[in-house]
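Structure first, then comments.
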Amino acid sequence: MPTLHEIERAFARSMLARDDSAIAEHLVAGGIAAADRLCIYRNTFASVAAAALRIAYPTVAWLVGEEFFEGAAAAFVGQHPPRTGYLNEYGVEFAAFLADFPPAASLCYLPDAARLDWAVNLAANAADAPALDAAALVALGDDAAASMRLSRHPAVELVRVRYPVEAVWCARLDHNEDALTKLVMEPAPHWLVVQRSGDGVRLRSLDLAEGEFTAALMGGTALAALVCDGTPSEHLLLFAEHLSRGRFAGLPAIDRRA
Numbered sequence: 638m639p640t641l642h643e644i645e646r647a648f649a650r651s652m653l654a655r656d657d658s659a660i661a662e663h664l665v666a667g668g669i670a671a672a673d674r675l676c677i678y679r680n681t682f683a684s685v686a687a688a689a690l691r692i693a694y695p696t697v698a699w700l701v702g703e704e705f706f707e708g709a710a711a712a713f714v715g716q717h718p719p720r721t722g723y724l725n726e727y728g729v730e731f732a733a734f735l736a737d738f739p740p741a742a743s744l745c746y747l748p749d750a751a752r753l754d755w756a757v758n759l760a761a762n763a764a765d766a767p768a769l770d771a772a773a774l775v776a777l778g779d780d781a782a783a784s785m786r787l788s789r790h791p792a793v794e795l796v797r798v799r800y801p802v803e804a805v806w807c808a809r810l811d812h813n814e815d816a817l818t819k820l821v822m823e824p825a826p827h828w829l830v831v832q833r834s835g836d837g838v839r840l841r842s843l844d845l846a847e848g849e850f851t852a853a854l855m856g857g858t859a860l861a862a863l864v865c866d867g868t869p870s871e872h873l874l875l876f877a878e879h880l881s882r883g884r885f886a887g888l889p890a891i892d893r894r895a
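This is the structure:
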């Protein structure tokens with residue numbers, strides 16, 4: 638008698654590798670042949686996983702068209718099947734997959750479009766949480782504030798891209814296919830702040846220096862190392878903007894080691 642784990646692995650082989658040999662004998666006889674029933678499950682599994690990818694990566698789907706996306710999704714699902722039933726978290730590897738997907742080799746900006754889509758997906762589905770109150774930070778006093786290590790708000794994502802894919806993202810939102818034909822996709826490395834607010838998801842473009850500064854701020858580097866006498870004025874203004882826009886999580890504990 639096989640264990641439940643063995644049966645589950647046999648079923649997974651049927652779904653992913655189309656190998657029904659190990660699972661068919663364990664299916665209860667019915668009006669539909671075992672192979673046909675497994676085929677129904679397999680098609681449903683593949684279509685649901687592909688639909689989850691299409692929801693998470695709408696810009697990619699818009700760029701490449703239905704047929705291409707379906708083929709890429711099928712190949713991806715075969716290599717990276719869902720690990721849980723919570724499909725909002727499915728597809729994190731899709732950008733890296735597209736970077737090595739031979740049919741997409743000529744679309745050098747497609748992985749960046751996927752990175753942006755995934756950041757938007759994460760920000761849009763993030764849990765609500767209080768943002769850092771600038772007044773509370775000021776009230777701590779200079780010494781305590783300098784020891785703080787801030788963190789990114791859950792509804793904010795920071796992504797580094799090589800191409801100006803935010804223009805493609807905006808064109809899709811506006812249903813403006815004509816704009817796509819006018820875009821020049823030349824390398825222009827930069828960062829994007831992706832933030833969910835009351836009126837939807839918004840993007841903020843940062844140059845490389847601003848992006849590195851923001852990544853350090855949101856990644857836990859002590860404020861004393863980032864906001865000091867030698868900090869460029871434009872970075873201080875950017876820090877103030879991040880605070881005013883609620884891009885940091887609520888007040889963290891003071892790091893006494895700093």
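By our numbering, the letter at position 253 of the sequence shown is numbered 890, and the numbering carries on one by one without gaps. Glycine included, C-beta positions come from ideal geometry on N, C-alpha and C. What you are looking at is a predicted structure, and each value in this text was computed from that prediction instead of being measured.
query, result
"Could you check whether the region 806-813 touches the region 841-856, counting it as contact only if at least three pairs of C-beta atoms, one from each stretch, sit closer than 8 Å?", "no"
"Restricting to Cα atoms, I'd like to know which of D749, V838, K819, E823 is closest to A733.", "D749"
"Taking only three categories from DSSP, how would you classify V798?", "strand"
"If you follow the beta strand (DSSP E) that R841 is part of, which residue opens it and which one closes it?", "837-843"
"Measure how close the beta-carbons of V831 and V793 come, nearest whole angstrom, since I'm counting them as under 8 Å.", "7 Å"
"Mind pulling the alpha helix (DSSP H) runs of 4 or more residues that sit fully within the region 714-768?", "731-736, 747-762"
"State the Cα-Cα distance for the pair S881 and L769, rounded to the nearest angstrom.", "9 Å"
"Which term fits P801, buried or exposed, when burial requires 16 or more other beta carbons within 10 angstroms of its beta carbon?", "buried"
"Closer than 7 Å by C-beta to G883: which residues in its own chain qualify, once you throw out the five before and the five after it? Chain order, please.", "A768, H790"
"Are V796 and L744 closer than 8 Å when you measure CB to CB?", "no"
"Please classify L854: is it buried, with 16 or more other beta-carbons within 10 angstroms of its beta-carbon, or exposed?", "buried"
"Check the C-beta distance from F713 over to L747 and give it rounded, since I have them as a contact under 8 Å.", "Rounded, the Cβ-Cβ distance is 13 Å, inconsistent with contact."
"Leaving out the 5 sequence neighbours to the left and right, which residues in its chain are closer than 7 Å to R894 when beta-carbon positions are compared?", "Any reading at R894 must be qualified, since the residue scores a pLDDT of 44, below 50, and its modelled position is unreliable; no value is offered."
"Between T681 and chain C, is the shortest Cβ-Cβ distance under 8 Å, so that the two count as touching?", "Protein chains in the displayed structure number just one, and chain C is not present."
"Let me know the secondary structure DSSP gives H812 once reduced to three states.", "coil"
"Please report the residue range of the beta strand (DSSP E) in which V831 lies.", "827-834"
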